[in-house]
Amino acid sequence: MKLKRLPEDFLVEERLLIPLTDPRALPTSDLDCDDSQAQGVSSGSESSLGQTSSDQPIARGEFVLYRLTKIGLGTPEALEAIRRRWNLPRASLSVGGLKDRHARTIQYLTIRRGPWRRLRQSRLELVPVGTMSRPYGPRDFAGNRFSLVLRDLDRDALERAKRGLESLERDGLPNYFDDQRFGSVGFTGEFQAASWLKGDHARALWLAIAQANPLDRPHARHEKELLRAHWGDWLAAKAALPRGHARSLVTYLVDHPEDFRGAFARLRYDDRSIAFSAFQSHIWNLALASWIRHHLPETRRLEIPFKLGPLPIPHHLDPFHAETLNHLRVPLPSARNPKPVGEWAGHFARALDPFGLTWDDLRVRHLKDLFLSKGDRPALIRPERVRFESQPDELYPRRSKLILQFDLPRGSYATILVKRITAFVESLERGRSFTLGPPSQPSETRGGDHDELSPPSLPQPRRRRPQPRRKRPGFNPLADDRFTP
Numbered sequence: 045m046k047l048k049r050l051p052e053d054f055l056v057e058e059r060l061l062i063p064l065t066d067p068r069a070l071p072t073s074d075l076d077c078d079d080s081q082a083q084g085v086s087s088g089s090e091s092s093l094g095q096t097s098s099d100q101p102i103a104r105g106e107f108v109l110y111r112l113t114k115i116g117l118g119t120p121e122a123l124e125a126i127r128r129r130w131n132l133p134r135a136s137l138s139v140g141g142l143k144d145r146h147a148r149t150i151q152y153l154t155i156r157r158g159p160w161r162r163l164r165q166s167r168l169e170l171v172p173v174g175t176m177s178r179p180y181g182p183r184d185f186a187g188n189r190f191s192l193v194l195r196d197l198d199r200d201a202l203e204r205a206k207r208g209l210e211s212l213e214r215d216g217l218p219n220y221f222d223d224q225r226f227g228s229v230g231f232t233g234e235f236q237a238a239s240w241l242k243g244d245h246a247r248a249l250w251l252a253i254a255q256a257n258p259l260d261r262p263h264a265r266h267e268k269e270l271l272r273a274h275w276g277d278w279l280a281a282k283a284a285l286p287r288g289h290a291r292s293l294v295t296y297l298v299d300h301p302e303d304f305r306g307a308f309a310r311l312r313y314d315d316r317s318i319a320f321s322a323f324q325s326h327i328w329n330l331a332l333a334s335w336i337r338h339h340l341p342e343t344r345r346l347e348i349p350f351k352l353g354p355l356p357i358p359h360h361l362d363p364f365h366a367e368t369l370n371h372l373r374v375p376l377p378s379a380r381n382p383k384p385v386g387e388w389a390g391h392f393a394r395a396l397d398p399f400g401l402t403w404d405d406l407r408v409r410h411l412k413d414l415f416l417s418k419g420d421r422p423a424l425i426r427p428e429r430v431r432f433e434s435q436p437d438e439l440y441p442r443r444s445k446l447i448l449q450f451d452l453p454r455g456s457y458a459t460i461l462v463k464r465i466t467a468f469v470e471s472l473e474r475g476r477s478f479t480l481g482p483p484s485q486p487s488e489t490r491g492g493d494h495d496e497l498s499p500p501s502l503p504q505p506r507r508r509r510p511q512p513r514r515k516r517p518g519f520n521p522l523a524d525d526r527f528t529p
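Per the working numbering, the sequence shown starts with residue 45, numbered consecutively.
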């Protein structure tokens with residue numbers, strides 16, 4: 045099973061809660077594929093409410109709303125390209141969320157007093173679609189519509205994947221933050237935020253600018269090699285580094301050689317914000333995983349590999365646990381939230397202990413522009429408007445592809461669904477019992493009927509019955525303690 049074989053195999057579009065209000069909104073560019081509508085992703089000329097831009101009156105405001113279509117480019121990189129092209133201050137751009145680099149995505153943003161014109165580059169297109177009286181943000185879209193293509197499936201894997209999708213209505217998905225959230229975690233596996241919260245500002249800075257990361261591009265990799273080679277010798281580091289952000293931080297350290305706190309505060313806001321969000325998300329994941337392992341037996345969960353370690357995903361939930369998870373909301377780890385009590389105090393303590401932190405430590409000090417978000421997050425989500433169909437795979441002869449379409453709330457990850465399907469298929473391939481429906485009761489009238497949600501019965505290994513030992517002189521098997529009939 046393969047995902048993201050092509051950028052067009054992973055399509056994401058924000059579902060707006062506000063209409064596209066200006067009749068001058070231009071159609072989406074030729075970055076859109078002709079088959080996008082067939083796969084459930086709109087071309088962008090229609091809002092998620094089903095209203096075309098020309099159906100609405102023009103809204104007046106100083107914030108121009110744009111539709112950003114990008115492919116093979118992360119949201120921060122796209123925003124930086126727009127800012128540089130139009131010479132805009134960083135604070136003038138506002139988005140509702142970050143979208144995956146390895147995908148084709150449609151999202152929205154505002155630019156304060158932005159130009160009413162489109163911008164087209166090799167991997168992005170920006171189209172004005174309306175105006176707003178305030179910056180665009182997370183409250184302006186309900187979630188995301190996804191269209192994914194899973195490739196290279198044989199017939200058995202295809203049928204198992206379909207059955208895994210059918211079980212989503214009952215089991216849902218744990219609302220984990222997925223691996224994309226943790227791009228700031230490099231080869232050391234350490235978190236910048238954890239070091240900062242413990243007061244180790246020097247380590248936090250080293251992790252931010254010198255730690256090797258598998259996502260580093262060649263120029264960043266070279267800069268980090270130079271920083272590691274000259275760490276502490278700031279004059280030598282400054283002489284070796286090319287002009288850029290890293291060199292400006294080192295220049296500050298030349299004049300303030302022990303002020304790691306001040307140097308870290310001069311990191312780009314987006315990079316610092318992503319790093320602190322990553323740590324908060326990891327602790328939340330660990331706390332939810334602790335709850336699931338505590339409440340669900342091994343037969344009701346699968347351990348799935350993630351970048352930072354395995355996490356359990358429930359399956360075949362009984363009605364009690366399904367109802368409990370449906371209503372469970374887990375607080376975001378932050379001292380701005382009330383300290384957990386009872387069972388949740390233990391789950392969060394287990395998550396924080398390896399970092400030498402407690403709940404009271406989860407307060408960002410000395411950085412006036414950063415804080416750990418408060419509030420909570422649902423433990424379980426259920427994809428909506430789920431549709432899927434299989435077709436011959438044009439990339440893999442004699443194999444099939446599975447096209448999935450579904451909606452998720454904002455902040456939830458479609459790749460969690462893919463991980464669950466993959467684990468489901470692999471568990472069946474290993475021969476693990478994985479019942480999708482309640483156990484069937486014997487019935488004389490059942491005949492050839494079967495529960496269409498139940499997987500085909502798997503061949504069970506034949507149990508070898510113990511054989512009596514070959515009779516030897518003086519050997520009585522019934523009197524030998526080692527023999528079990």
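Ideal placement from N, C-alpha and C gives every residue a C-beta, glycine not left out.
From the DSSP secondary-structure annotation, give me the bridge partner or partners of residue i.
i: M23; result: The requested residue 23 is not part of the displayed model; the chain covers only 45 to 529.
i: I348; result: L355
i: I425; result: L217
i: D420; result: P375
i: T113; result: I150 and E169
i: E433; result: I447
Rounded to the nearest angstrom, how far is the Cβ of residue i from that of residue j, given a contact under 8 Å?
i: K445; j: R195; result: 5 Å
i: M176; j: T154; result: 6 Å
i: R189; j: D451; result: 5 Å
i: W240; j: W275; result: Not really, about 18 Å apart at Cβ, beyond 8 Å.
i: P377; j: Q324; result: 6 Å
i: R167; j: G116; result: 5 Å
i: Y220; j: L355; result: 6 Å
i: A237; j: A319; result: 6 Å
i: P218; j: P358; result: 7 Å
i: F54; j: D144; result: 7 Å
i: R204; j: F468; result: 6 Å
i: L64; j: G174; result: 5 Å
i: R316; j: H410; result: Not confirmed; about 12 Å, so no contact.
i: L414; j: V408; result: 5 Å
i: L424; j: N370; result: 6 Å
i: I460; j: D215; result: With a Cβ gap of about 12 Å, I460 and D215 do not count as contacting.
i: V56; j: R111; result: Actually they are not in contact, since the Cβ atoms of V56 and R111 sit about 13 Å apart, beyond 8 Å.
Using the three-state DSSP reduction, which class does residue i fall into: helix, strand or coil?
i: S378; result: coil
i: K206; result: helix
i: D223; result: helix
i: S471; result: helix
i: R161; result: coil
i: L47; result: strand
i: N257; result: coil
i: T479; result: Reliability fails at T479, whose pLDDT of 37 lies under 50, so the model's placement of it is uncertain and no value is given.
i: T343; result: helix
i: D362; result: coil
i: K143; result: coil
i: V229; result: coil
i: T72; result: Model confidence at T72 stands at a pLDDT of 41, short of 50, so the residue's coordinates are unreliable; what they give is reported in the following sentence. It is coil, neither helix nor strand.
i: T368; result: helix
i: R409; result: coil
i: K463; result: helix
i: F415; result: coil
Considering residue i, what are the terminal residues of the beta strand (DSSP E) in which it resides?
i: S136; result: Unbroken run through S136: none, as it is neither H nor E.
Determine the extent of the alpha helix (DSSP H) in which residue i is found, giving its start and end residues.
i: Q324; result: Y313 to H339
i: K445; result: Looking at the DSSP string, K445 is not in any alpha helix (DSSP H); the run it does join, the beta strand (DSSP E), is S444 to P453.
i: D215; result: L212 to D215
i: T119; result: T119 to W130
i: D299; result: H289 to D299
i: T149; result: Where T149 is concerned, there is no enclosing alpha helix (DSSP H), although the beta strand (DSSP E) it sits in stretches over R148 to R156.
i: E267; result: P262 to A273
i: L55; result: No alpha helix (DSSP H) holds L55; the beta strand (DSSP E) holding it covers F54 to L60.
i: L241; result: Q236 to L241
i: K282; result: W278 to A284
i: L396; result: E387 to L396
i: G306; result: F304 to A309
i: W250; result: H245 to I253
### Task
Entirely within the region 178 to 204 and at least 3 residues each: give me those beta strand (DSSP E) ranges in chain order.
185 to 197
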